[in-house]
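Student: Residue numbers for the sequence shown follow the numbering used here, beginning at 3 and rising by one.
Where a beta carbon is used, it is the ideal one built from N, C-alpha and C, also for glycine.
Here's a structure for you.
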Amino acid sequence: MNTLEKEKNYQVDEQGYYGDFGGAFIPEMLYPNVEELRSQYIQIMEEPSFQKEFKELLKDYVGRPTPLYFAERFSKKYGAKIYLKREDLCHTGAHKVNNTIGQILMAKRLGKNRIIAETGAGQHGVATATVCALMGLECVVYMGAIDIKRQAPNVARMKMLGATVKSAESGSKTLKDATNEAIRDWINNPVDTHYIIGSVVGPHPYPDMVARFQAVISEETKKQLLEKEGQENPDYVVACVGGGSNAAGLYYHYLNQPEVGIIAVEAAGKGVDSGESAATSALGREGIIHGSKTLLMQTDDGQITEPYSISAGLDYPGVGPMHANLYRSGRGEFISVTDEDAMKAGIELSKLEGIIPAIETSHALAIFETRKFKKDDVIVINLSGRGDKDLNTYIEYFNL
3 MNTLEKEKNY
13 QVDEQGYYGD
23 FGGAFIPEML
33 YPNVEELRSQ
43 YIQIMEEPSF
53 QKEFKELLKD
63 YVGRPTPLYF
73 AERFSKKYGA
83 KIYLKREDLC
93 HTGAHKVNNT
103 IGQILMAKRL
113 GKNRIIAETG
123 AGQHGVATAT
133 VCALMGLECV
143 VYMGAIDIKR
153 QAPNVARMKM
163 LGATVKSAES
173 GSKTLKDATN
183 EAIRDWINNP
193 VDTHYIIGSV
203 VGPHPYPDMV
213 ARFQAVISEE
223 TKKQLLEKEG
233 QENPDYVVAC
243 VGGGSNAAGL
253 YYHYLNQPEV
263 GIIAVEAAGK
273 GVDSGESAAT
283 SALGREGIIH
293 GSKTLLMQTD
303 DGQITEPYSI
313 SAGLDYPGVG
323 PMHANLYRSG
333 RGEFISVTDE
343 DAMKAGIELS
353 KLEGIIPAIE
363 TSHALAIFET
373 RKFKKDDVIV
383 INLSGRGDKD
393 LNTYIEYFNL
């Protein structure tokens, strides 16, 4: 890698761009909402009282820091030193709550008393419903009709927590369509409502704000790896990528450290060329989706292609602008994994380590069958969520 590449900045710039990707491409009616947030989010996040409340809730309510666990049997099988960052042990069962805690505190300081959100796998919806219950705020969660069916336990959790779950019946009836419905709601309720976007997607400042809240993952990883290996930096960080929030959190403090390899794993569905896939880097082209310029799957005339993945959290036709830039620049290595290989990897981790992973995470675990590493390579995988929510899918797929 040359000197220019080493000095390149992969963080967002002041206009909200990661290289060629990002920005805020929004309808005029949404401008006041987004501009209010953009003009204040950094100032609010840097307030000592905000940081104090945020860190206390992460510690006492979410249960941070999450362990960095050395997966001994998994490492032995694949011939490398593999650590799992256990975000599945967060309250609500996934990394999503890191962001919702931060955004609910942001909403309160902006004077908002109504919260809306979109969700795919349901983890973000549960996290949002949880923090709304904690803070006593009204909560509406939009979810695709298909996702409501395949993530029924999380739908029940949201309702128990007091949220209203609204079904998105258009398009593929998945995450993309739930996001469309949430944006329409926000346009119609600009004064009292904050939209908690769950991933590093959407108009600026959302990709940067969500990444900053999730950066606690890589911040902790550095400290924990220093204790365990005597070094802050692994050789590789690995995460699954749909929109890309768990990946952004794990990559954040390593983005500008070229000695750390970044590996992003996307959902190939039934195969990249099968017509039923969500592998954005392989199939996507530059375009606009949900308010930002990024890579997305689209037809020749620019119509968004319906994505497919067995994993509800990866079933999205685009990717966050940070990740689009990592792909375009070559800073990140992008790998596509099929449903079949992901499901096998999920079962394998269950049997080798006694940890049932979310199917999203199983995609990241599956790369070891084909991507080879040196035996002394230190690799950190973000175990982004637990597999309880996916039990029905595991049961049906393997006829358990």
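1) Can you list, in chain order, the residues of its chain with a C-beta nearer than 8 Å to that of G263? Leave out the 5 residues immediately preceding and following it.
2) If we ignore side chains and look at the alpha-carbon of each, how far apart do A165 and Y80 end up?
3) Of the residues P69, N101, L402 and P323, which one's Cα is nearest the Cα of G200?
4) Buried or exposed for V193, please, with buried defined as at least 16 other CB atoms from any protein chain shown within 10 angstroms of its CB.
5) Check for me: the alpha helix (DSSP H) holding E278 runs from which residue to which?
6) Got a sec, what are the start and stop residues for the alpha helix (DSSP H) M1 sits in?
7) With a 10 Å radius around its C-beta and 16 neighbouring C-beta atoms as the bar for buried, classify E222 as buried or exposed.
8) Can you list, in chain order, the residues of its chain whose CB lies under 6 Å from that of R111, leaving out five sequence neighbours each side?
9) Which residues in the same chain as K61 place their Cβ atom closer than 6 Å to its Cβ, once the five residues preceding and following it in sequence are excluded?
10) Okay, do the segment 215-233 and the segment 269-282 touch, 3+ Cβ pairs below 8 Å being the bar?
11) Any idea what DSSP makes of N258, helix, strand or coil?
12) What span of residues does the alpha helix (DSSP H) with F370 cover, start to end?
13) Is DSSP giving H196 helix, strand or coil here?
14) For a test of the three-state rule: what should DSSP assign to Y71, helix, strand or coil?
15) What are the start and end residues of each continuous alpha helix (DSSP H) run of 4 or more residues lying completely inside the segment 55-116, in chain order?
16) Let's test the definition: count the other Cβ atoms within 10 Å of the Cβ of D303 and tell me whether it reaches 16, buried, or not, exposed.
17) In this structure, does DSSP put N4 in helix, strand or coil?
18) What does a CB cutoff of less than 7 Å around G24 pick up in its chain, not counting 5 residues either side in sequence?
19) Taking DSSP as the reference, what is the three-state secondary structure of F336?
20) Can you grab the Cα-Cα spacing for the pair C242 / K98, in whole Å?
21) Excluding the 5 residues flanking G246 on each side, which residues of the same chain have their C-beta closer than 8 Å to its C-beta?
22) My guess is that S448 and G271 are in contact by the Cβ rule of under 8 Å, so how many angstroms apart are they, rounded?
23) What residues in its chain sit with their C-beta under 6 Å from that of N156, if we drop five residues either side in the sequence?
24) Tell me the residue span of the beta strand (DSSP E) that contains A289.
25) Please work out which residues of its chain come closer than 8 Å, Cβ to Cβ, to I349, disregarding the five sequence neighbours upstream and downstream, and give them in chain order.
26) Would you kindly check if the distance between the Cβ of Y85 and the Cβ of V339 is under 8 Å?
27) Taking A170 and G146 to be in contact with their CB atoms under 8 Å, please state how far apart those CB atoms are, rounded to whole angstroms.
28) Look at the alpha carbon of A180 and the alpha carbon of G356, and state the distance between them as a whole number of angstroms.
29) From this set, V212, A360 and E30, which residue's C-alpha is nearest G95's C-alpha?
Tutor: With the given structure in hand:
1) Working through the sequence shown from its first residue, we reach residue 263 at position 261. Contacts found: D237, Y238, V239 and E335.
2) What you label residue 165 is simply residue 163 of the sequence shown in a count that begins at 1. What you label residue 80 is simply residue 78 of the sequence shown in a count that begins at 1. Rounded to whole angstroms, A165 to Y80 spans 43 Å at the Cα level.
3) Taking the sequence shown and counting its residues from 1, one reaches residue 200 at position 198. For G200, the nearest C-alpha among the options comes from N101.
4) As a working mapping, residue 193 is identified with position 191 in the sequence shown. So V193 counts as exposed.
5) Numbered from its first residue, the sequence shown carries residue 278 at position 276. No alpha helix (DSSP H) contains E278, which DSSP labels as neither H nor E.
6) Residue 1 is absent from the model: the chain starts at 3 and stops at 402.
7) Start at 1 with the first residue of the sequence shown, and residue 222 comes out as number 220. It is buried - the Cβ of E222 has at least 16 other Cβ atoms within 10 Å.
8) Working through the sequence shown from its first residue, we reach residue 111 at position 109. So the qualifying residues of the chain are I46.
9) For this step, residue 61 is matched to residue 59 along the sequence shown. None.
10) no
11) Against the sequence shown, residue 258 aligns to sequence position 256. Reduced to three states, the DSSP call for N258 is coil.
12) In the sequence shown, counting from the first residue as 1, residue 370 sits at position 368. No alpha helix (DSSP H) contains F370, which DSSP labels as neither H nor E.
13) Locating residue 196 in the sequence shown gives position 194, counting from the first residue. It is a strand residue.
14) Along the sequence shown, read from residue 1 onward, the residue named residue 71 stands at position 69. Note: Y71 maps to strand in three-state DSSP.
15) Taken in chain order, the complete alpha helix (DSSP H) segments of 4 or more residues contained in the segment 55-116 are 74-80 and 98-111.
16) Locating residue 303 in the sequence shown gives position 301, counting from the first residue. By the 10 Å Cβ count, D303 comes out exposed.
17) Reading the sequence shown from its first residue, position 2 is the one you call residue 4. Residue confidence is low: N4 scores 49 on pLDDT, short of 50, so the model does not pin down where it sits. Its coordinate-derived value is still stated next. N4 falls in the coil class under three-state DSSP.
18) Along the sequence shown, read from residue 1 onward, the residue named residue 24 stands at position 22. Same-chain partners within the cutoff: V14, G18, H206, P209, S294, K295 and P323.
19) Here residue 336 is taken as the residue at index 334 of the sequence shown, counted from 1. Strand, per DSSP.
20) Counted from its first residue, the sequence shown places residue 242 at position 240. Counted from its first residue, the sequence shown places residue 98 at position 96. Whole-angstrom Cα-Cα distance: 14 Å.
21) Within the sequence shown, residue 246 is the residue found at index 244, counting from 1. Around G246: S201, V202, V203, A266, V321, G322, M324 and H325.
22) A query on residue 448 cannot be resolved here, the shown segment of the chain reaching from 3 to 402 and no further.
23) Start at 1 with the first residue of the sequence shown, and residue 156 comes out as number 154. Once the five neighbours on either side are set aside, the close Cβ partners of N156 are G124, V128 and K391.
24) Against the sequence shown, residue 289 aligns to sequence position 287. One point to set straight first is that residue 289 is Gly, not Ala, in the sequence displayed. It spans R287 to I291 - the beta strand (DSSP E) in which G289 sits, taken as one unbroken run.
25) As a working mapping, residue 349 is identified with position 347 in the sequence shown. Taken in chain order, the residues that qualify are Y396 and F400.
26) Locating residue 339 in the sequence shown gives position 337, counting from the first residue. Locating residue 85 in the sequence shown gives position 83, counting from the first residue. No. Outside cutoff.
27) For the purposes of this step, residue 170 is taken as the residue at position 168 of the sequence shown. For the purposes of this step, residue 146 is taken as the residue at position 144 of the sequence shown. Distance from A170 to G146 at the Cβ level is roughly 5 Å; contact confirmed, criterion being Cβ atoms closer than 8 Å.
28) Counting from 1 along the sequence shown, the entry for residue 180 is found at position 178. Counting from 1 along the sequence shown, the entry for residue 356 is found at position 354. Using only the alpha carbons, I get a separation of about 34 Å.
29) On the sequence shown, position 93 is the one that residue 95 refers to. Nearest of V212, A360 and E30 to G95, Cα basis: A360.
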